[in-house]
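The opening position of the sequence shown corresponds to residue -6 in our numbering, with each subsequent residue numbered one higher. Each residue gets a CB set at the ideal place from its N, CA and C atoms; glycine is no exception.
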Amino acid sequence: MYDKHILTDEGCRSVWENGKKVGYAVNLTINYYRGLPLCCVDQISLEVDGQPVDPNTMYLQHQGREYHYPDIFTDDFPTDFYWLFGEKLRVVVRQDGGIDQGRHHVRLTLGTRRSYTPTMIDVCEKVLTFA
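Below you can see the structure in the form of structure tokens.
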């Protein structure tokens, strides 16, 4: 139901640090009508132009915090870090050189876990314009 809305064109760009491109960012919205703790996200998988993104290069930014993506699966990950409906979760992919400006085909698989229901997995594919 939310699959076509979970990947947004908003904020797609290279990430710069100290005058160098060190990666790129995309923004996601949650695939559920309520918010969930980030620890209830079971999967965020990205492909850009047909190439899978290594999960170890992904960082999640939200509400002034940043977490290495694999850390959300650890037992000591905070349970009070909520991703609410309508809020953007920024995924930063650390990649030397960032991404070329222009249009890129992006595929997102997002899996979220809720009480009393199986993990909901949505897939969204779009051509996004990166600044």
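Inset, instruction - Please determine, among Arg96, Gly90, Ala124 and Lys119, the residue with the shortest C-alpha to C-alpha distance to Lys13. - result: Locating residue 13 in the sequence shown gives position 20, counting from the first residue. Looking only at Arg96, Gly90, Ala124 and Lys119, the smallest Cα-Cα distance to Lys13 is reached by Gly90.
Inset, instruction - Run the CB neighbour count on Gly95, radius 10 Å, all protein chains shown included, and call it buried at 16 or more, exposed below. - result: On the sequence shown, residue 95 is found 102 positions in, with the first residue counted as 1. Exposed, because fewer than 16 other Cβ atoms sit within 10 Å of the Cβ of Gly95.
Inset, instruction - Give the DSSP bridge partners of Ser38, in chain order. - result: Residue 38 sits at position 45 when you count from the first residue of the sequence shown. Ser38 pairs with Thr102.
Inset, instruction - Would you check if the distance between the CB atom of Gln54 and the CB atom of Arg83 is smaller than 8 Å? - result: Position 61 of the sequence shown, counted from the start, is the residue given in the question as residue 54. Position 90 of the sequence shown, counted from the start, is the residue given in the question as residue 83. Cβ atoms of Gln54 and Arg83: closer than 8 Å.
Inset, instruction - Indicate whether Trp76 and Leu31 have their beta-carbon atoms separated by less than 8 Å. - result: Taking the sequence shown and counting its residues from 1, the one referred to as residue 76 is at position 83. Taking the sequence shown and counting its residues from 1, the one referred to as residue 31 is at position 38. Against a cut-off of 8 Å, the Cβ pair of Leu31 and Trp76 comes out as a contact.
Legend entry - Helix, strand or coil at Leu0 according to DSSP, with G and I counted as helix: Looking up residue 0 in the sequence shown gives position 7. Strand.
Legend entry - Glu3 versus Ile114: straight-line alpha-carbon distance, rounded: By 1-based counting over the sequence shown, the position of residue 3 is 10. By 1-based counting over the sequence shown, the position of residue 114 is 121. Distance between the alpha carbons of Glu3 and Ile114: 22 Å.
Legend entry - Selection from Asn11, Glu10, Arg27 and Arg6 that minimises the alpha carbon distance to Asn20: Reading the sequence shown from its first residue, position 27 is the one you call residue 20. That would be Arg6, whose Cα lies nearest to the Cα of Asn20.
Legend entry - Span separating the alpha-carbon of Val15 from that of Val86: Taking the first residue of the sequence shown as position 1, residue 15 is located at position 22. Taking the first residue of the sequence shown as position 1, residue 86 is located at position 93. C-alpha separation (whole angstroms): 8 Å.
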